[in-house]
Structure formats: C-alpha cells, structure tokens
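See structure below.
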Amino acid sequence: MKIKIKPISDQIGIGKRELRIALENPQRNRMIGRTISLEKENGRYLLGMPVFEGIPYKGKSPVIIPVGQRELASGVLRNTLSREAMTRTLKSEYQSIVKALLDMKINFQILNLQDGDKEIRHWLSERRCRGAELPLERPSPWQLFPRDMFVYFKPLRMILIHSRLFKLQKDRSHICDIIHTELAEGGRVIFSDDHLVTSCHPEGLKKKNKIFSRLREKGMKMTILPHPIFTCLSRDGYGRSLSLYYEFHIDRSASLLKGRDEEYYLVLDPGYRTGTLIDPLAVQKSIDLVRKECERYRVHVRVPKSLSVPYATSAVQFDNGKVLATGGDEGALNTFADIVGSENLYVTDVPISAYPVFGAAGLHCLITENPGPLI
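Residue numbers -9 to 365, in our numbering, belong to the letters of the sequence shown in order.
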C-alpha cells in the first residue's frame, strides 16, 4: 500500500490553478480584497450554495474517508450507479438539511442563492429562504462549503479569516480581532464557547504556534489531538484503497458539543486511528490517547458503538443549544441525545451520505456562523 504524508490537494477545497488565478488576477475573482455584502442584522448562520453538478462522480479525485469507514464509503459508491443518481441524492440531502434548519427555527441565509440549481432555487423560494451575496463570477468550493472561509469566535470577539482569500484593510475592526491564519479553514477546528479542539501531526503535539498562543491569551481552552488517519479510495474502483494520509480536518471525525449539564463533550468516530502511517495505533489505543489529551480541559469523550453513515459524528450545535445531525445512524444519534437531550436533537429526514463520500463534506462544511463584524 502507498503512503502519502499529506492529503491530495484537490481535496483541500480548491485546486492550485484556481488559487493562482485568484491571486494573480483579483478582477476575475472579486472576493479577493472585497468586503462580503452580508449585513450584521441578517441571518445568524450561512448555508452553502445549492450547486451539485460541480461535485465529482468519477475521475481521478479520490474519496477521502476515515480508515474505519472505508466499507461505508464503498457501499455508497456501489449503490450510486450514475452521476444523475448522485445529483438526485445530493439534492435530497440538501433539502433535508434546509427542512431541518427551518424546523429548528434557525436564522440562516444561503450564499449566492441566485446562482444555485434552478429546481432547488424554486423549492427554496417557496419556503421563503433568503440569499446572501458573496461576489464571485463563478461558483467556487468556498460557496458550496463556506465553513472553510472563516471561523467566528463570538464570545472571544475574534474572527479567523482565510489568509489566501481576504485582504485586511489598515483600519482594522474595533469590534473584534480579525486574524489571517490557516485555522480559518474551518474544518481544522471544532469549538463550543471557549473550548476548541484541533489536531496536528502525531509527532508535533507540543509544537508552539503563534495563533495557538493568541487564542489562549484570549481565554480559549485548546485541546490538540493527533491527526486521524484517513484513506483515499478510487471512485472508479468502487472503493479500492489508494493510500493513507493524515487528515487535518478534525470535523470529519468528531464534534464538540456543550451538554445539557453545561459540560463539554467530544463525540468521536468509533474507528478513530492515529499513530504512524506505516504502523498505526489500534483503535482503542488511539481513542485512549484522545481521552488523555481531552482530560486537560475536562472535555469528556463519547464514542458511539458503531457508525452506519459516513461522517455521522459531524454534527452542528447552534447558539440556542440545539444540535443538527444526520439521520440514519442510531448509534451516533443515541450518543448525541444522551449529551444534549432528545428535545434538543434534530435529525435530517434522509441520511447525509453522498456529501461525505462525493464531496468530502459533513454537515458543518455546509453550515457556518455569519461573521457580522467582518463587514
């Protein structure tokens, strides 16, 4: 088996060529150096744009999945017989997310709704869903998955913004700190109030980081876990394993929730593995290592007995304490209900399985906080 130390660049969210064009020619990509037209009083949350045709079905771009979820991903690949079938499933999952958000009475807007799929646009307009404009001339992965543009720590009055997407003006905001950092690629962090969990290379757990230090100075309690090990699967071979690598998007493996008892809980992939790529630690030893790190800040680790939906531990908790999780996975749902209470748990009416497998995206990739002070 081949071993890769870093994930394939296509799965980070955008290709090198598109980034180079954006940086070299800001007129083509007006997001660079321009304020987003989102008003502070508008939706508290943002939902990704409904675009489905850009998500690959076959081709060289691999499926990326935790090593313990390989069979789940392979099953989705085998059961999705055409691009049309994939698109139908993605649309159904998107609608399911929207219905759940409406049921939860979450105040949200949809990025560049006017450029989304025509059928879904009509469906959304019937439900009076509103759009928010992010000025781009063509759809980009960031509009589909806005979590990776910025991270808003409202209690700390701090916004982390993607260093390659936004320019900072000299007259910085007095409302909150706005910081360029790779941690603004929101999948790298999961947080609740003043607790944050991120990950780094297993050999670099004690590594110093200026952003880490600044977050700690602001009062953030940071837990740093060893990167989980993921596998790349062939789309064309219905799940043939291509390589192993360290995954830096911790939100594909876990969620951080505030429980009804006011304690903090990390809900972890039951197949979580870390250690060296050539000789990974066993699952139990990997989970024990996570528990040890989480104990430093009294973050309790909860592990479902098993998963039946890819990325099922990727849930979203809103500022009212309510939690949105994928349907179809009783193990994960029972764990979430134990933490926040069944009355605070909302579930999509279809399993969110195509987004993780074909788009490498969990629920939180599509849903993020609206960073009002960034305006």
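The C-beta atom is built at its ideal place from N, Cα and C for all residues, glycine as well.
The structure presented is a predicted model; accordingly, all values stated were derived computationally and were not measured.
| request: Please report the Cβ distance between M39 and L101, rounded to the nearest whole angstrom; I am assuming they are in contact, meaning their Cβ atoms lie under 8 Å. | output: 5 Å
| request: Report the residue ranges of all beta strand (DSSP E) runs contained in full by the stretch 259 to 305; include only those spanning at least 3 residues, in chain order. | output: 289 to 292
| message | With H, G and I counted as helix, E and B as strand and the rest as coil, what does DSSP make of A315? | response | strand
| message | Relative to the C-alpha of R281, which candidate in L258, A272, L271 has its C-alpha closest? | response | L258
| field | Cβ shell of G121 (< 8 Å), same chain only, five flanking positions each side left out | value | Q99, I100, L101, N102, L103, Q104
| query | Can you name the residues that DSSP bridges to A244? | reply | L258
| R120, DSSP secondary structure in three states | strand
| Closest Cα partner of I54 within the set Y255, P346, N360 | P346
| Given a threshold of 16 other Cβ atoms within 10 Å of its Cβ, counted over all protein chains shown, does T325 qualify as buried or as exposed? | buried
| query | C222 and Y235 look like a contact to me (Cβ under 8 Å); what is the Cβ gap, rounded to whole Å? | reply | 7 Å
| query | Which residue from G265, T70, L186 puts its Cα closest to that of P46? | reply | T70
| Quick check: the stretch 238 to 253 against the stretch 178 to 196, are there 3 or more CB pairs under 8 Å? | yes
| query | From K275, E333, G265, pick the residue whose C-alpha is nearest to that of G194; which is it? | reply | G265
| What residue from E43, L356, I219, P136 has the CA that sits closest to V273's CA? | I219
| Leaving out five residues before and five after A351 in sequence, what residues of the same chain have Cβ atoms less than 6 Å from its Cβ? | F135, Y345
| message | Let me make sure I understand the geometry here. Which of C284, L323, Y84 has the alpha-carbon closest to that of L299? | response | The displayed chain sequence assigns Val, not Leu, to residue 299. Of the candidates C284, L323, Y84, the one whose C-alpha sits nearest the C-alpha of V299 is L323.
| Cβ neighbours of S304 in the same chain (closer than 7 Å, five flanking residues each side left out) | D241, R242, S245, G352, L353, H354
| Beta-carbon separation (whole angstroms), D93 vs Y336, contact threshold 8 Å | 6 Å
| request: Closer than 8 Å by C-beta to R370: which residues in its own chain qualify, once you throw out the five before and the five after it? Chain order, please. | output: There is simply no residue 370 to check, as the chain begins at -9 and stops at 365 in what is shown.
| task | Leaving out five residues on either side along the sequence, give the residues of the same chain with a beta carbon under 8 Å from the beta carbon of S86. | result | G317, T338, D339, V340, I342
| request: Count the other C-beta atoms from every protein chain shown that fall within 10 angstroms of the C-beta of I165, then say buried if there are 16 or more, exposed otherwise. | output: exposed
| query | If we ignore side chains and look at the alpha-carbon of each, how far apart do P125 and D167 end up? | reply | 24 Å
| message | Cutting at 6 Å between CB atoms, please list the residues of its own chain near E31, excluding the five before and the five after it. | response | With a pLDDT of 43 at E31, under the threshold of 50, the predicted position of this residue should be treated as unreliable, though the coordinate-derived value follows. Closer than 6 Å at Cβ, skipping near neighbours: no residue.
| Quick one: what's got a C-beta closer than 8 Å to S64's C-beta in the same chain, skipping five residues either side? | L223, Y228, G229
| field | Beta-bridge partners of K95, as assigned by DSSP | value | Paired residues: none, contrary to the question.
| said: Quick check on E193: does DSSP put it in helix, strand or coil? | reply: helix
| request: Return helix, strand or coil for F326, following the three-state DSSP convention. | output: helix
| query | How would you write the range of the beta strand (DSSP E) that H170 sits in, first residue to last? | reply | 167 to 170
| field | Secondary structure of L353, DSSP reduced to three states | value | helix
| said: Let's see if you can read the secondary structure: which residues bound the alpha helix (DSSP H) around F202? | reply: 200 to 207
| From which residue to which residue does the beta strand (DSSP E) around V141 run? | 140 to 143
| query | Going by beta carbon distance, what residues of the same chain come within less than 8 Å of R250, once the five residues before and after it are set aside? | reply | G311, I329, V330, G331, N334
| Given that a residue counts as buried once 16 or more other Cβ atoms are within 10 Å of its Cβ, and exposed if not, what is G176? | buried
| field | CB contact flag (L150, K208, <7 Å) | value | no
| said: Whole angstroms are fine: how far does the CA of H152 sit from the CA of K144? | reply: 17 Å
| field | F140 versus V88: straight-line alpha-carbon distance, rounded | value | 21 Å
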